[in-house]
Structure formats: structure tokens, C-alpha cells
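Counting with our numbering, you get residues 106 to 286 for the letters of the sequence shown. Where a beta carbon is used, it is the ideal one built from N, C-alpha and C, also for glycine. A quick write-up on the structure given underneath.
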Amino acid sequence: MECSEVNNLIMKYLDGSISEVELKLLNRHRLNCWECNEEFEMMTEIIKYINELPEISPPYDLEEKVMKRIRMKRSASSMFSMLVGVAGMFAFAYYMTIFVILPYIQDINLLQKILGYGYFALDVVGKHLMSIVVNLPIIIDNLLVLRNILIKDYMHIMLFVAAVVAVLNLGLIRIINFQQE
Ligand SMILES: [Zn+2]
106 MECSEVNNLI MKYLDGSISE VELKLLNRHR LNCWECNEEF EMMTEIIKYI
156 NELPEISPPY DLEEKVMKRI RMKRSASSMF SMLVGVAGMF AFAYYMTIFV
206 ILPYIQDINL LQKILGYGYF ALDVVGKHLM SIVVNLPIII DNLLVLRNIL
256 IKDYMHIMLF VAAVVAVLNL GLIRIINFQQ E
């Protein structure tokens, strides 16, 4: 019997599909062939060792950890798009103030009135500061809900506003430069 055939028999032995005749052939060859015997011993040792390995199950909280990571990634990306949207709204308010509202307020008294309302509002806020502090968790809760609604339903609108503001900004700068020339 050739050594290469014995190799096949060893594989059959290891996966338990060897016949009695084949087993006899294998054992006879092993008695005469040192190399094949060595290989047989080594392979059975390895298989025995593998079978004795404790079964490794994933840590019980693996799925939870993976999900947590996914959620963190998601909230990071939605936080980013929210920041873009908020920046767009601030930019919009800023340019509205600079280019649209301020040119109409040429009357200084009107400005003082507006500032007066501002101080009045600050005064009211000061008087109700305590209740604001008490209600702050509720307010933050509602803001978080609002944030989720904004992100889910109005994010594309906010991004659109940001884009429009950017375009308007460029246009206004061109117009202003044109008028100065
Ligand atoms: Zn051999």
C-alpha cells in the first residue's frame, strides 16, 4: 500500500467513516511505516485536543455591546446633521438681522424699544428663574423629544434652509460689492 493512500485512510479514520477492512490495512501499514504511524499519532492527538477544547460561547452581553456601539454611531451622525441644521438656522437669523431687519430700523428709538423689550424679557426670566431650574429637566426632556422630531421629519428642510442661506449669502455679498463699485 502506498503512503499517499494511507493518508486518505487516516482522514477516514479521523472522521469515523473508515471501514473495518480499511482499518486493518491502515494498522498493518502503520506497523511497517514509521512516517505514516507518526502522522497518524500526531493527527489523532490534534483531533483529541480540539475535541477537548471548552466550547467558547460569546460573552452574554456581546449583542448588547454591539447594539450600543451602533446606536452611538447613529446618534453621533444624527447629532452632526442636527448641528448643521442649527448652524443653518443661526446663519439664517444672522443674515436676516444684518441685511433685512437692521436696514429698516433707522429710527434709534425703535431700537431702544426693542432693547427695552429685551431687558423686560430678561427681568421676567430672572423672576421665574427658580421655576425654570425646577422645570429644566422637563424642558430638556421636551427638547429631546423635539430634537428627535426635528431629526426624523424636518432634517431635510433644515439642511435645505442651510443650503439656501449659503447661496443667499453669496448673492448678497455680490450685490453689496456691485453697489459699492
Ligand atoms: Zn507510509
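DSSP places S109 inside the alpha helix (DSSP H), whose first and last residues are 108-119. At least one heavy atom of ligand 1 lies less than 7 Å from the C-beta of E140. Contact holds between the region 112-121 and the region 143-159, because three or more Cβ pairs, one in each stretch, are under 8 Å apart. Sequence-distant partners of M148 (beyond 5 residues in either direction) whose C-beta falls short of 7 Å from its own C-beta, in its chain, are I115, L119. Taking C-alpha positions only, G231 is separated from I262 by approximately 34 Å. In terms of Cβ geometry, Y200 and V270 form a close pair [threshold 8 Å]. Around the beta-carbon of R135, 16 or more other beta-carbon atoms lie within 10 Å, marking it buried. DSSP places P242 within a helical segment (H, G or I) once states are collapsed to three. For V111, the distance from the CB to the nearest heavy atom of ligand 1 is below 7 Å. No residue range can be given for M201, since it is assigned to no alpha helix (DSSP H) and is classified by DSSP as neither H nor E. CA-CA distance, G276 to M194, rounds to 18 Å. The alpha-carbon of V239 is positioned some 14 Å away from that of N247. Between the C-alpha atoms of K178 and I237 there is a straight-line separation of about 32 Å.
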